[in-house]
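Notes follow the structure.
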Amino acid sequence: MDTQNWQIQMRKGILDFVILNLLSHRRSHGYEIVQSLKNHKGLTIREGNVYPILQRLGMDGLITSESQPSRDGPPRKYFSITSAGREALEQMNHHWDELIDTVRQIRGEQ
Amino acid sequence: MENTDKLWQDMKEGYLCQVEAALIMTDKTARQNILNDVEEHLDRRYAELSPERKNRERFEAIIADMGPAEDYAELLTSKAVSRGMKYVPHKGLIFLNRLATVFYLLVLFGAVVMHIGMGATVGPYQESQDAWVPPFVNDPNLVGKWISVDFVDRPEDFVPGQKHWKGNLFLKQMVFNEDGTTESGWCYWTKGDIYCRGDKTHSKYYIRRMDGRDYLFFEWISGDVMILGRKPCYYILQKEVQK
């Protein structure tokens, strides 16, 4: 089995979830999100990949964006989670916890 | 502008062209938002480079870090492709767009008059399509199947046997029928021009023989060309050899 492909698909599947969690702590811009993901093992993505995901989350009303002046360059676009995004994230976190528990049980860890 | 700055601008534009081509079927607003975000990201990566690290190898590494252009469409999902979000352009843009439309119609009208004056034919091509396409003038060299081999910022960037475009090509092939239609039914052609429905784009084309093979240079009219007035990129297609 090609586990590398499985890992890529799994990572793609949880990116929305991970990005929403990052934004739930504080607003952030795309570049910062990429850097945050790089600091977490297994979550490193192609840098450009974050932007279509942010666009999609915005279209779904889960995040919003606004441009803010920057000291070291052109204005930056900051993304923030919306109340709808927080509600969705709560459900996603709950589902994630259930999923982890179930997998642990199946693996005989609990 | 320093040479390295110019090189970076060209490479950045090339990548943005690729992303735009990959997102061509998506909602315009979504596409433009992503292009702006990616450009901002690339500018930031460039700004972080110290002067001694501003070189081609480093620029290529930055572009490679961004990932293949085709990933963008997949990650955006089909929602943006078919949703058709309400697009509210700036008032100035609406005015410019209308002005451009009037100008375009005038040019088109002139072209139609010239074609008729030159004794152009009116056949199935003309009867089967939108009225905005001028009369058909045959180009036997174009008829047949062409396979995409590259996508370049400028025609002079194309080198036979070398692939400038690093990702998958969005446009795979084109088949031009003798009557001015195409196999996909999406586009029509007349000598020197290709017209596509939907966005109603008009591309110029020309055929050049290089290293013993015929290559079709096809202007790719994207949103950046139509809205922002940028120069078009080019698809290069190779004539399929009949066996």
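Those protein sequences? They're chains P and E, same order as listed. First residue of the first sequence? That's 2 in our numbering, and the numbers climb one at a time after it. First residue of the second sequence? That's 428 in our numbering, and the numbers climb one at a time after it. By construction, the Cβ of each residue, glycine as well, lies at the ideal position given by its N, Cα and C atoms.
Item checked: Residues of the segment 483 to 499 of chain E with Cβ closer than 7 Å to any Cβ of chain P, in chain order -> Result list: D492, M493, G494, D498 and Y499.
Check: When you compare only the Cα positions, how much space is there between H41(P) and M452(E)?
Finding: Position 40 of the first sequence holds residue 41(P). Position 25 of the second sequence holds residue 452(E). Straight-line Cα distance between these residues: approximately 33 Å.
Notebook entry, point to check: What residues match up with C623(E) in a beta bridge as DSSP calls it?
Noted result: The residue you call residue 623(E) lines up with position 196 of the second sequence. DSSP, once it has assigned bridges, lists C614(E) and T628(E) as partnering C623(E).
Note to self: For M438(E), which residues in the same chain have their Cβ closer than 7 Å to its Cβ, ignoring the five residues on either side in sequence?
What the structure shows: Indexing the second sequence from 1 puts residue 438(E) at position 11. For M438(E), same chain residues with a beta-carbon under 7 Å away, outside a window of 5 residues either side, are F486 and I490 in chain order.
Margin query: Going by DSSP in three states, F80(P) sits in which element: helix, strand or coil?
Written below: By one-based count along the first sequence, residue 80(P) stands at place 79. Correct three-state label for F80(P): strand.
Notebook entry, point to check: G544(E) to Y622(E), Cα distance in whole Å?
Noted result: Along the second sequence, read from residue 1 onward, the residue named residue 544(E) stands at position 117. Along the second sequence, read from residue 1 onward, the residue named residue 622(E) stands at position 195. Unreliable positioning characterises G544(E) in this predicted model, as indicated by a pLDDT of 41, which lies under 50. A coordinate reading is not provided.
Check: CB-CB under 7 Å to P70(P), same chain, minus the five flanking residues each way: which ones, in chain order?
Finding: As a first step, residue 70(P) is located in the first sequence; it is residue number 69 there, counting from the start. Taken in chain order, the residues that qualify are P76.
Next item on the list: Quick one: grab the DSSP three-state call for G571(E).
Entry: Counting from one through the second sequence, the residue named residue 571(E) turns up at place 144. The three-state reading of DSSP puts G571(E) in strand, counting E and B together.
Notebook entry, point to check: So, is S29(P) buried or exposed, given that buried needs 16 or more other C-beta atoms within 10 angstroms?
Noted result: Counting from one through the first sequence, the residue named residue 29(P) turns up at place 28. Its Cβ being crowded by 16 or more others within 10 Å, S29(P) is buried.
Check: Does any C-beta atom of chain P lie closer than 8 Å to the C-beta of D679(E)?
Finding: This structure cannot speak to residue 679(E), because chain E is shown only from 428 to 670.
Notebook entry, point to check: How big is the Cα-Cα spacing for S477(E) and A496(E)?
Noted result: As a working note, residue 477(E) is residue 50 in the second sequence. As a working note, residue 496(E) is residue 69 in the second sequence. About 27 Å.
Notebook entry, point to check: When the Cα of G639(E) is compared with those of E667(E), T628(E), S649(E) and W647(E), which residue comes out closest?
Noted result: Numbered from its first residue, the second sequence carries residue 639(E) at position 212. Minimum Cα distance to G639(E) is reached at E667(E).
Item checked: Option nearest G607(E) by Cα separation, candidates L469(E), L664(E), W613(E) and T617(E) -> Taking the first residue of the second sequence as position 1, residue 607(E) is located at position 180. Per the Cα distances, T617(E).
Next item on the list: Look up K666(E) in the DSSP assignment and say whether it is helix, strand or coil.
Entry: As a first step, residue 666(E) must be located in the second sequence, where it is residue number 239. Collapsing the DSSP output to three states places K666(E) in a strand.
Next item on the list: Determine which residues share a DSSP beta bridge with I634(E) and list them.
Entry: Taking the first residue of the second sequence as position 1, residue 634(E) is located at position 207. According to DSSP, I634(E) bridges with L643(E).
Note to self: Less than 8 Å between the beta carbons of L450(E) and I461(E), yes or no?
What the structure shows: Within the second sequence, numbered from 1, the residue matching residue 450(E) stands at position 23. Within the second sequence, numbered from 1, the residue matching residue 461(E) stands at position 34. Closer than 8 Å, so yes.
Notebook entry, point to check: What are the residues that DSSP puts in a beta bridge with M601(E)?
Noted result: As a working note, residue 601(E) is residue 174 in the second sequence. According to DSSP, M601(E) bridges with W573(E).
Check: Is R657(E) close to chain P, meaning its C-beta is less than 8 Å from at least one C-beta of that chain?
Finding: In the second sequence, residue 657(E) corresponds to position 230, counting from 1. Interface annotation, R657(E): not in contact with chain P, CB-CB separation never under 8 Å.
Check: Does the beta-carbon of W7(P) have 16 or more other beta-carbons within 10 angstroms, so that it is buried, or is it exposed?
Finding: Taking the first residue of the first sequence as position 1, residue 7(P) is located at position 6. Exposed, because fewer than 16 other Cβ atoms sit within 10 Å of the Cβ of W7(P).
Margin query: Check this for me: beta carbons of Q56(P) and A457(E), under 8 Å apart or not?
Written below: Numbered from 1 along the first sequence, position 55 holds the residue referred to as residue 56(P). Numbered from 1 along the second sequence, position 30 holds the residue referred to as residue 457(E). Yes, these two residues count as a Cβ contact at 8 Å.
Next item on the list: State the Cα-Cα distance for the pair E467(E) and G59(P), rounded to the nearest angstrom.
Entry: Within the second sequence, the letter at position 40 stands for residue 467(E). Within the first sequence, the letter at position 58 stands for residue 59(P). When rounded, the distance between both Cα atoms is 18 Å.
Margin query: Let's test the definition: count the other Cβ atoms within 10 Å of the Cβ of W435(E) and tell me whether it reaches 16, buried, or not, exposed.
Written below: As a working note, residue 435(E) is residue 8 in the second sequence. Around the Cβ of W435(E), a 10 Å sphere holds 16 or more other Cβ atoms; the residue is buried.
Item checked: Distance, Y661(E) Cα to E583(E) Cα -> Along the second sequence, read from residue 1 onward, the residue named residue 583(E) stands at position 156. Along the second sequence, read from residue 1 onward, the residue named residue 661(E) stands at position 234. Their backbone Cα atoms lie some 10 Å apart in a straight line.
Margin query: When you compare the CB of R471(E) with every CB in chain P, is at least one pair closer than 8 Å?
Written below: Translated into positions along the second sequence, residue 471(E) becomes position 44. Yes, its Cβ sits closer than 8 Å to a Cβ of chain P.
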